[in-house]
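The sequence shown finishes on residue 429 if you use my numbering, and the numbering steps up by one all the way, no holes. We put the beta carbon where it would ideally sit given N, CA and C, even for glycine. Bear in mind that the values here come from a model prediction, so they are computed numbers and not experimental data. In what follows, a structure is listed as structure tokens, so that the remarks can point back to it.
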Amino acid sequence: MIKSSNIIQFVNEQSDISEINIIDSKNLKLDKVLGVNNDYEATKGQLAWISKKHIKNEIKKVTDFNGSILIIPNKVFNNLDQLKIKFTLIETSDPKLLFIRIANHFFKHLSKNEWPDSNNFFIHKGAKIGNKVNIAPGVTIGSNVEINDNVTIGPNTVIDNTKIESNVSIGSNNSIGLMGFGYEKNDKNIYESFPHFGKVIINENVEIGSNNCIDRGSLKNTVIGKGSKIDNLVHIAHNVKIGKNCMLIGQSQIAGSVQLGDNVWVAPSASILNGIKVGNNTFIGIGSVVIKDIQNDISVFGNPARALKK
Numbered sequence: 120m121i122k123s124s125n126i127i128q129f130v131n132e133q134s135d136i137s138e139i140n141i142i143d144s145k146n147l148k149l150d151k152v153l154g155v156n157n158d159y160e161a162t163k164g165q166l167a168w169i170s171k172k173h174i175k176n177e178i179k180k181v182t183d184f185n186g187s188i189l190i191i192p193n194k195v196f197n198n199l200d201q202l203k204i205k206f207t208l209i210e211t212s213d214p215k216l217l218f219i220r221i222a223n224h225f226f227k228h229l230s231k232n233e234w235p236d237s238n239n240f241f242i243h244k245g246a247k248i249g250n251k252v253n254i255a256p257g258v259t260i261g262s263n264v265e266i267n268d269n270v271t272i273g274p275n276t277v278i279d280n281t282k283i284e285s286n287v288s289i290g291s292n293n294s295i296g297l298m299g300f301g302y303e304k305n306d307k308n309i310y311e312s313f314p315h316f317g318k319v320i321i322n323e324n325v326e327i328g329s330n331n332c333i334d335r336g337s338l339k340n341t342v343i344g345k346g347s348k349i350d351n352l353v354h355i356a357h358n359v360k361i362g363k364n365c366m367l368i369g370q371s372q373i374a375g376s377v378q379l380g381d382n383v384w385v386a387p388s389a390s391i392l393n394g395i396k397v398g399n400n401t402f403i404g405i406g407s408v409v410i411k412d413i414q415n416d417i418s419v420f421g422n423p424a425r426a427l428k429k
């Protein structure tokens, strides 16, 4: 547990991050901060941040915050010190970088992978394994893993920070639940790494082929919906949410925070830009590059992807 006052002191020491303004609600400097979360899911004892893109001049995103410390971009709102808030509010020119600094300094241990030692035969003693789980040679399972019944895992797959529901099949040489790709550049033109605290959730009756990478979420989870099928050589980035009965074919790439609805077909070599939302019952054609949201019941093709004319 970290005192809010310790975090505030650390923030004041970040002289290379400009225009930091701390609005500290009365009597909260001794509050304990336990971890991090998204701004809209944070509860008491948690730290969060909002980017300029997502705050969209909506003061409600500030006043509705239920955590202990919120970092927001400056020069968005006026008279914030007059708000009746019950948390510490920090304005800065670079909320993401400041969040990264705090998270890495105080909470890095919460994002660390914990692997088995040689005495545990590649399965960490803290992992929870259900009944009738078939684990092939060379599989490595970390401490933060829960596997339910009737699961098959092929040779040399590596898994941590993951919950696998029943009746799931996973092929060989997969990387599941490891850190995703997230960085922010500081004023010295050096990238600083965004720590990852989320998990991968694989729901019932999912089938995953070989040589795939499914990243853990940064703050929220990466989710594979019930009954979805993933071919070989597919990349699924952090915070992606895949609906039920989706089909992801070889060499497709799903960038961070993409949301796929139910019954989505992603053809070979298709790419979907980060943050895109794809509706239910959609078809994304071979080699398509999706850079805009797709509504329900639409087929798209091309680069950039366009709806098929009837």
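Three-state class that DSSP yields for residue i in the structure shown
i, result
"Q414", "coil"
"F402", "strand"
"V130", "helix"
"S329", "coil"
"L427", "coil"
"K348", "strand"
"S123", "helix"
"S376", "coil"
"L367", "strand"
"K282", "strand"
"V409", "strand"
"V397", "strand"
"H354", "strand"
"G430", "With the chain covering 120 to 429 only, the question about residue 430 has no answer from this structure."
"S288", "strand"
"V270", "coil"
"F420", "strand"
"T259", "strand"
"S137", "coil"
Residue range of the beta strand (DSSP E) that includes residue i
i, result
"V264", "264-266"
"V342", "341-343"
"Q165", "165-168"
"S294", "294-297"
"I142", "140-143"
"I320", "319-321"
"E303", "302-304"
"E311", "310-312"
Length of the line joining the Cα atoms of residue i and residue j
i, j, result
"N358", "Q128", "31 Å"
"V325", "L379", "15 Å"
"G186", "G406", "42 Å"
"I261", "I254", "It is worth fixing the name first, because residue 261 is Gly in this sequence and not Ile. Rounded to whole angstroms, G261 to I254 spans 13 Å at the Cα level."
"N125", "T281", "32 Å"
"I413", "D236", "46 Å"
"F218", "N351", "35 Å"
"I391", "R220", "29 Å"
"K215", "V377", "19 Å"
"I309", "D416", "43 Å"
"A246", "N232", "12 Å"
"W234", "K348", "28 Å"
"I355", "F313", "17 Å"
"L297", "K122", "29 Å"
"S418", "V383", "10 Å"
Residue from the options whose Cα sits closest to the Cα of residue i
i, options, result
"G404", "N293, F300, F420, G186", "F420"
"S294", "D334, G186, V152, I169", "D334"
"H275", "V287, T259, E210, E265", "The residue you asked about is not His; residue 275 is Asn in the sequence shown. Selected option, being the one with the closest Cα: T259."
"G394", "K172, D381, N330, Y310", "K172"
"G257", "V287, I272, K244, I373", "I272"
"E265", "K318, F196, A356", "K318"
"S332", "G290, V152, K163, F316", "In the sequence as presented, Ser is not what sits at residue 332; that position holds Cys. Comparing Cα-Cα distances from C332 to each of G290, V152, K163, F316, the minimum goes to G290."
"I136", "H243, E303, G375, F316", "E303"
"F196", "I178, L153, L297, E323", "I178"
"S285", "N267, F300, G301", "N267"
"C365", "V287, N399, F316, T341", "N399"
"K203", "D183, T211, F241", "D183"
"I321", "I368, G344, K251", "G344"
"G154", "P423, F300, V181, L229", "L229"
"I209", "M298, V252, S170, F225", "S170"
"V397", "P387, A426, G369, S388", "A426"
"I278", "N305, A386, D213, I327", "I327"
"E160", "K307, S329, N340, F241", "N340"
"S134", "I142, I191, T162, D213", "D213"
Span of the alpha helix (DSSP H) around residue i
i, result
"K172", "171-174"
Every unbroken alpha helix (DSSP H) inside the stretch 180-255 [4 residues or more]: 214-225
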